[in-house]
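Student:
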Amino acid sequence: MAEQVKEAPAELIQTRVYELRPNKTMRKVLDEACDYRRYCWNQGLALWNEMYKARQTLKSSLSTDSKKLAEEQKVLLKDKPSPSERRVRNMLVADKKRLAVYTVSPDSATGNF
């Protein structure tokens, strides 16, 4: 007879907890890192809300029109996609790359850009 082996559920998530005891310098670096993460989160949230509101406004205006505009509605809805984590991330990364290309530091000797 073969023994039956219980398998662990697929949803099992293992976690670890670490206690940090940072010195003054490490605490400053951690605080700065957390500030930047909060800034990124807020940027993503603002973009998500903007995309969501634009999509909802478009959907509400299209739902009042007749059904003969079905193809046109599909095109318009494709232009205003619903927000997703991946879509928001890709837009933020693209904005960051675009800004990095156009960012120019001033010449310290002449003060010109």
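Heads up: the sequence shown begins at 1 in the UniProt record's numbering, then just goes up one per residue.
Beta carbons: idealized from backbone N, C-alpha and C, even for Gly.
So what's S61 in DSSP terms, helix, strand or just coil?
Tutor: Reduced to three states, the DSSP call for S61 is helix.
Student: Pairing CB atoms from the region 32-42 with CB atoms from the region 54-64, are three or more of them under 8 Å?
Tutor: In short, these stretches do not touch, since the Cβ pair count stays below three.
Student: Please confirm if the region 43-55 is in contact with the region 9-22, defined as three or more CB-CB distances below 8 Å between the two stretches.
Tutor: Verdict: no, contact absent.
Student: Applying the criterion that 16 or more other CB atoms from any shown protein chain within 10 Å of the CB defines a buried residue, is P83 buried or exposed?
Tutor: Counting Cβ neighbours within 10 Å, P83 comes out buried, since at least 16 surround it.
Student: What's the gap between the Cα of residue 114 and the Cα of A46?
Tutor: The shown model of the chain, from 1 to 113, leaves out residue 114, and the question about it has no answer.
Student: Please state the DSSP three-state secondary structure of R21.
Tutor: DSSP places R21 in coil when its eight states are reduced to three.
Student: Taking the alpha carbon of V88 as the reference point, which residue from V75, Q43, K78, A100 has its own alpha carbon closest?
Tutor: V88 has its Cα closest to that of Q43, out of V75, Q43, K78, A100.
Student: When you compare only the Cα positions, how much space is there between M26 and K80?
Tutor: Rounded to the nearest angstrom, the two C-alpha atoms are 44 Å apart.
Student: Check this for me: beta carbons of N22 and L30, under 8 Å apart or not?
Tutor: It should be pointed out that residue 22 corresponds to Pro in this sequence rather than to Asn. Cβ distance < 8 Å, so P22 and L30 count as in contact.
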